[in-house]
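A.B. asks: So the sequence shown is residues 526 to 660, counted in my numbering.
C-beta atoms are modelled at their ideal positions from N, C-alpha and C, and glycine is treated no differently.
Supplied in structure tokens, the structure appears directly below.
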Amino acid sequence: MTMPFAPYVMRDSLVKFGATDYTLQVTSVVLTPDQATQTIKTLKPAGIYNDVDSATWTLSINGPQDHQDAVGLARYLNDNAGDKVVVTFEPVAGGVSGEITVTLKNVAFGGEQGAWATFSVDLPGEGQPVFTDPE
526 MTMPFAPYVM
536 RDSLVKFGAT
546 DYTLQVTSVV
556 LTPDQATQTI
566 KTLKPAGIYN
576 DVDSATWTLS
586 INGPQDHQDA
596 VGLARYLNDN
606 AGDKVVVTFE
616 PVAGGVSGEI
626 TVTLKNVAFG
636 GEQGAWATFS
646 VDLPGEGQPV
656 FTDPE
């Protein structure tokens, strides 16, 4: 049996911090697991044992800076660093969503002459994300 497959291009997404939609201020979002594997090998060739640890998740976000308006995402992150907030991400708006509580961190302020001022931040997740199919 062939499984259905529907790849997508990230073009019309949704990114919310709490109830606030910041999609227009984000150029990329990736929710990435880090899952360590521990291996022990004994003195016999068949004596190889593996254990896979629980995943920890990181929400990586890139976007343009807007420190002029107090409502910009970069400003929000700097003003609220250390706080925890629920982030909802839909790679295709109205499609499958991922939701995770993250700890906010500070982002860059400024940049290179003649270029867009941007930021990049990795926000540590708390627990596992919840993935939900659209209704």
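By the 10 Å Cβ neighbour count, where 16 or more other Cβ atoms means buried, how is residue 621 classified, buried or exposed?
C.D. replies: Counting Cβ neighbours within 10 Å, residue 621 comes out exposed, since fewer than 16 surround it.
A.B. asks: Leaving out the 5 sequence neighbours to the left and right, which residues in its chain are closer than 7 Å to residue 630 when beta-carbon positions are compared?
C.D. replies: Once the five neighbours on either side are set aside, the close Cβ partners of residue 630 are 602, 606, 646 and 648.
A.B. asks: Which residues bound the beta strand (DSSP E) around residue 601?
C.D. replies: No beta strand (DSSP E) contains residue 601, which is instead part of the alpha helix (DSSP H) from 598-604.
A.B. asks: Go through its chain and collect everything with a Cβ distance to residue 585's Cβ below 6 Å, but skip five positions before and after it.
C.D. replies: Closer than 6 Å at the Cβ level, and outside the excluded window around residue 585, lie 555 and 647.
A.B. asks: Would you list the one or two residues that DSSP bridges to residue 542?
C.D. replies: According to DSSP, residue 542 bridges with 545 and 612.
A.B. asks: Which of the three DSSP states, helix, strand or coil, is assigned to residue 593?
C.D. replies: Residue 593 falls in the coil class under three-state DSSP.
A.B. asks: Which residues in the same chain have their Cβ closer than 7 Å to the Cβ of residue 611, if we skip the five residues on either side of it in sequence?
C.D. replies: 543, 624 and 626, listed in sequence order.
A.B. asks: Do residue 579 and residue 560 have their C-beta atoms closer together than 9 Å?
C.D. replies: Their beta carbons are under 9 Å apart, which means residue 579 touches residue 560 by this criterion.
A.B. asks: By Cβ distance below 8 Å, which residues in the same chain neighbour residue 650 in space, the five residues on each side in sequence not counted?
C.D. replies: Excluding positions up to five away in sequence, the list reads 556, 581, 582, 583, 584, 625, 626 and 627.
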